[in-house]
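Chains as they are written, first to last, in the numbering used here: chain W, 0 to 105; chain H, 2 to 149.
Working notes for the structure below.
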């Protein structure tokens, strides 16, 4: 699992890759939150383009970042999910909470 | 139904083993030639069940997680994932979507909902102080069959 963060004044993008499970999610959460609290971006984008597996730990990751961005007065966008990852997200009804952008592989 | 193949795994409840468990079950299922979606379903369900053992059953300790996976006739996979942990006082409540005993840990409370949704059948047996057994079944509709 690797995480790359790119940011400008408005937008912070977290590029996630590999497999997201309970083992991995805690470290991702800490790294993303630390940067977001420093930068206080208007928009946080979680980019799932290179994520090959995700269980419900990924739902917790998205829900927690949604709450964080609410507390920072910004918005959250989730982008580039594969079909199987989108299915897990939809099970949680996340499309009611955050913008799930199209554009994933498959 | 006749058992065509089976494996038994046991490993300590370390979170590093979540990936091992789902990969092992995926590798066991591979001869059935599952679709990518079916494989993702199996891996996700196993990951949820094993994570429950680690996060809940053995919350303050490290115990053993047991997996018994069987392939029956007709491409049917039966997975039994068992722990000897604290047990679940109210299984029906634990299976309600969004119910979690660990809100600070950012668990979504959707583990059982994911298992129920991605597998054909889910049964949970638990008793406090003895442990929990999750049994899940799914029929793999082999890609080979689709192509005749």
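Even for Gly, the Cβ is constructed at its ideal location relative to N, Cα and C.
Starting from the beta carbon of residue 139(H), find every residue of chain W whose beta carbon is closer than 7 Å, and list them in chain order.
Taking the beta carbon of residue 139(H) as reference, no residue of chain W falls within 7 Å; the closest one sits roughly 15 Å away.
Check the C-beta distance from residue 108(H) over to residue 66(H) and give it rounded, since I have them as a contact under 8 Å.
About 17 Å; that fails the 8 Å criterion.
Residue burial classification, residue 111(W) (beta-carbon count within 10 angstroms, cutoff 16):
Here chain W has residues from 0 to 105 only, and residue 111(W) is not among them.
According to the neighbour-count rule (16 or more other Cβ atoms, all chains shown, within 10 Å of its Cβ), is residue 128(H) buried or exposed?
Counting Cβ neighbours within 10 Å, residue 128(H) comes out exposed, since fewer than 16 surround it.
Quick one: does residue 103(W) have its CB under 8 Å from some CB of chain H?
Here the model assigns residue 103(W) a pLDDT of 49, short of 50, so the residue's position is not dependable and the matter cannot be decided.
Give me, in chain order, the residues of the same chain whose beta-carbon lies closer than 7 Å to that of residue 53(H); leave out the 5 immediate sequence neighbours on both sides.
Closer than 7 Å at Cβ, skipping near neighbours: 112.
Going by the beta-carbon positions, is the gap between residue 65(W) and residue 97(W) smaller than 8 Å?
Yes, they are a contact pair.
Residues that residue 16(W) bridges to, as DSSP identifies them:
Here residue 16(W) is bridged, per DSSP, to 1(W), 49(W).
According to a CB-to-CB cut-off of less than 9 Å, which residues of the stretch 21-43 of chain W neighbour chain H?
Listed by position along the chain: 21, 22, 23, 24, 25, 28.
Closer than 7 Å at the beta carbon, the chain H residues around residue 63(W)
Around residue 63(W), the beta-carbon contacts reaching into chain H at under 7 Å are 107.
Taking C-beta to C-beta, are residue 46(W) and residue 78(W) nearer than 8 Å?
With contacts defined as CB atoms closer than 8 Å, residue 46(W) and residue 78(W) qualify as a contacting pair.
In angstroms, rounded to a whole number, what distance separates the CA positions of residue 121(H) and residue 130(H)?
Computed Cα separation, rounded: 29 Å.
Confirm, please, whether the CB-CB distance from residue 116(H) to residue 137(H) is below 8 Å.
Yes, the pair counts as a contact, with Cβ atoms nearer than the cut-off.
Please report the straight-line C-alpha distance between residue 90(W) and residue 17(W), rounded to a whole angstrom.
Cα to Cα, residue 90(W) sits roughly 21 Å from residue 17(W).
Would residue 21(H) be called buried (16 or more neighbouring beta carbons within 10 Å of its own) or exposed?
The residue in question, residue 21(H), is exposed, as its Cβ has fewer than 16 Cβ neighbours within 10 Å.
Buried or exposed for residue 23(H), please, with buried defined as at least 16 other CB atoms from any protein chain shown within 10 angstroms of its CB.
Burial call: buried.
Own chain residues within Cβ distance below 7 Å of residue 17(H), not counting five before or after:
Excluding positions up to five away in sequence, the list is empty.
Taking DSSP as the reference, what is the three-state secondary structure of residue 65(W)?
Here residue 65(W) sits in helix by DSSP.
Do you know whose CA, among 80(W), 43(W), 8(W), lies nearest residue 73(W)'s CA?
For the residues 80(W), 43(W), 8(W), the minimum Cα distance to residue 73(W) belongs to 43(W).
Whole runs of the alpha helix (DSSP H) within the stretch 35-66 of chain H, excluding any shorter than 4 residues
Taking 4 residues as the minimum length, the alpha helix (DSSP H) runs contained wholly in the stretch 35-66 of chain H are 37-53, in order along the chain.
Candidates 141(H), 140(H), 135(H): closest to residue 50(H) by CA position:
Comparing Cα-Cα distances from residue 50(H) to each of 141(H), 140(H), 135(H), the minimum goes to 135(H).
List, in chain order, every chain H residue whose beta-carbon is nearer than 8 Å to that of residue 18(W).
For residue 18(W), the chain H residues whose Cβ falls inside 8 Å of its Cβ are 20, in order along the chain.
Within the 8 Å Cβ cut-off, does residue 14(H) reach chain W?
Cβ-Cβ to chain W under 8 Å: no for residue 14(H).
Could you tell me whether any Cβ in chain W is nearer than 8 Å to the Cβ of residue 111(H)?
Interface residue (Cβ-Cβ distance to chain W less than 8 Å): residue 111(H) is classified as such.
Residues of chain H with CB closer than 8 Å to the CB of residue 87(W), please, in chain order.
In chain order, 45, 115 make up the part of chain H whose C-beta sits under 8 Å from the C-beta of residue 87(W).
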